[in-house]
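Accompanying notes for the structure given below.
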Amino acid sequence: MGKCPADAERSGGNPARSKPDKTVRNQCATTIIDGACTSVLNRAIHSLWLIMEALNQLWLPVDKSWRLNERHYGALQGMNKDEATQQIGQKIVYHWRRSYRGISPPLPDAPASLHREARYRHVSLTDLPGGESLEMTQRRLLPYWHHVIVLRVASGETMLLVSHANTLRALTMFIEQIDENKVPDLHVLTGIPVLYEMNEKRAITARYSLE
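Sequential numbering from 1 applies to the sequence shown in full-length UniProt numbering.
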């Protein structure tokens, strides 16, 4: 995500979506990254390493934050979709998984269990989740978005963010001003880079994707 050049600004509420033509591919491929951020979960960290290696930028400084972690599914944590559907029912599981406000029963002991891990000891126990809706995931990640990513982009840097499906769904919903009723159909494709541009007023003005 980088600062938007003046001639790339567009009017309207949502960022413009561009098809992956040669110009877009070149823009994504030649974007110079100034810094990277990811969650404190191993799979996201490993994914970031692979990307940075491919970009020949393993030396880049990386900021890791629990706020970029995957959504905590509460009672569904550790269950796959088919298993949960068989035990609970398709409609209920779909609502919990895909809607903005749906949430499965929380795990009361999960925050204390997380807090015993070294990577979460600096986090207030009351902030650690026992289960989250997409709305709660969004509320958790937005402070990092506003106070870290947006500030660095506003200073002229281009940031690489590598995170998880639901975290990115929640962030995409916020960035692109997607109505909550359309969230169940919002999908984030794995491994497909998306480049957002931001103007001097910290507004998203363009979106490029290789999907």
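Glycine is no exception: its CB is placed at the ideal position from the N, C-alpha and C atoms.
Leaving aside the five residues that flank E157 on each side, the residues in its chain whose CB is nearer than 7 angstroms to its CB run, in chain order, D34 and G35.
Within the DSSP bridge table, the entry for G74 names no partner.
The C-alpha of Y94 is placed about 12 angstroms away from the C-alpha of Q86. The C-alpha of I92 lies about 25 angstroms from the C-alpha of F174. Of the residues E135, S133, E132 and S113, the one whose Cα lies closest to the Cα of L125 is S113. In this chain, the alpha helix (DSSP H) harbouring M173 covers A165 to I175. Restricting attention to alpha helix (DSSP H) runs no shorter than 4 residues, the region 112–167 encloses them at 134–144 and 150–154, ordered along the chain. In the DSSP annotation of this structure, the continuous segment of the beta strand (DSSP E) that includes R207 starts and ends at I204 to S209. Taken through DSSP and simplified to helix, strand or coil, L68 comes out as helix. Beyond the five residues adjoining it in sequence on each side, L55 comes within less than 7 angstroms, by CB distance, of I33 in the same chain, given in chain order. Looking from the CA of H146, the closest CA among R67, E53, R169 and R71 belongs to R67. Beyond the five residues adjoining it in sequence on each side, Q57 comes within less than 7 angstroms, by CB distance, of I33 in the same chain, given in chain order. Residue environment for I103: buried (at least 16 other C-beta atoms within 10 angstroms of its C-beta). In the structure shown, the three-state DSSP call for L48 is helix.
In this structure, the CA atom of T172 is about 8 angstroms from the CA atom of I178. Rounded to whole angstroms, the gap between the alpha carbons of A44 and K201 is 30 angstroms. Counting the other Cβ atoms within 10 Å of the Cβ of H164 gives 16 or more, which makes it buried.
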